[in-house]
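Below is one structure, written out as structure tokens, with a few remarks after it.
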Amino acid sequence: ATLAMIEAGGAKKGDVLGVARLAAIQGAKKSSDLIPLCHPLPLTRVAVDFAIDRARAEVAIEVTAETVGRTGVEMEALTAASVGLLTIYDMCKAVDRGMSIVEVCLLEKRGGKSGHWVAGGPKEDSNPE
1328 ATLAMIEAGG AKKGDVLGVA RLAAIQGAKK SSDLIPLCHP LPLTRVAVDF
1378 AIDRARAEVA IEVTAETVGR TGVEMEALTA ASVGLLTIYD MCKAVDRGMS
1428 IVEVCLLEKR GGKSGHWVAG GPKEDSNPE
């Protein structure tokens, strides 16, 4: 019922995924205000996509963040995903308090000191000499 409401745009508070998309973008921009020692970065792009899996009754979010700087923007992407999911929870909690937010994780990172990393790829030495 909750997923159908999200898809139909029938939540009392409005378009759940539309509001969650805006919240995710705002979350990316506010990462340095929320996370101690996270430096403010000039983001050049924040793309937010949702995938609905009816069989599993899930909404997945995927965020892509980019900057022209020489650092990674993984904290901005992770913050965006978290804020987007929290927004979905907030907008739907009156209908379903049993929702869960699970598996917020980094899928891929390019740039910065660590270079290119892909989840599930070869294990890297976490303590290089």
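According to my numbering, the sequence shown is numbered sequentially starting from 1328.
Even glycine gets a Cβ: it sits at the ideal position worked out from N, Cα and C.
Please read all numbers here as calculations on a predicted model, not as lab measurements.
Report the start-end ranges of each alpha helix (DSSP H) in the region 1385–1440 that is 4 residues or longer and not cut off at the edges. Runs found: 1401–1419.
Please name the residue in Ala1350, Thr1394 and Ile1352 whose C-alpha comes closest to that of Thr1371. With distances taken between Cα atoms, Thr1371 lies closest to Thr1394.
By Cβ distance below 6 Å, which residues in the same chain neighbour Lys1436 in space, the five residues on each side in sequence not counted? Hits under 6 Å: Gly1399, Glu1401 and Trp1444.
Just the C-alpha distance for Glu1456 and Leu1344, rounded to the nearest angstrom, thanks. In this prediction, Glu1456 has a pLDDT of 45, which is less than 50 and means its spatial position is unreliable; what the coordinates show is noted afterwards. Glu1456 and Leu1344 have their C-alpha atoms roughly 45 Å apart.
Interface flag, Leu1412 vs chain B, CB-CB below 7 Å: Considering every chain present, this structure includes no chain B. It has just one protein chain.
Please tell me whether Val1375 and Arg1397 are closer than 7 Å, where the distance is taken between their beta carbons. No; because the gap between Cβ atoms is not below 7 Å, this pair is not in contact.
Ala1350 and Gly1411: beta carbons closer than 7 Å? Yes.
Answer with buried or exposed for Cys1419, where buried requires no fewer than 16 other C-beta atoms within 10 angstroms of its C-beta. Classification of Cys1419: buried, given that the 10 Å Cβ count is 16 or more.
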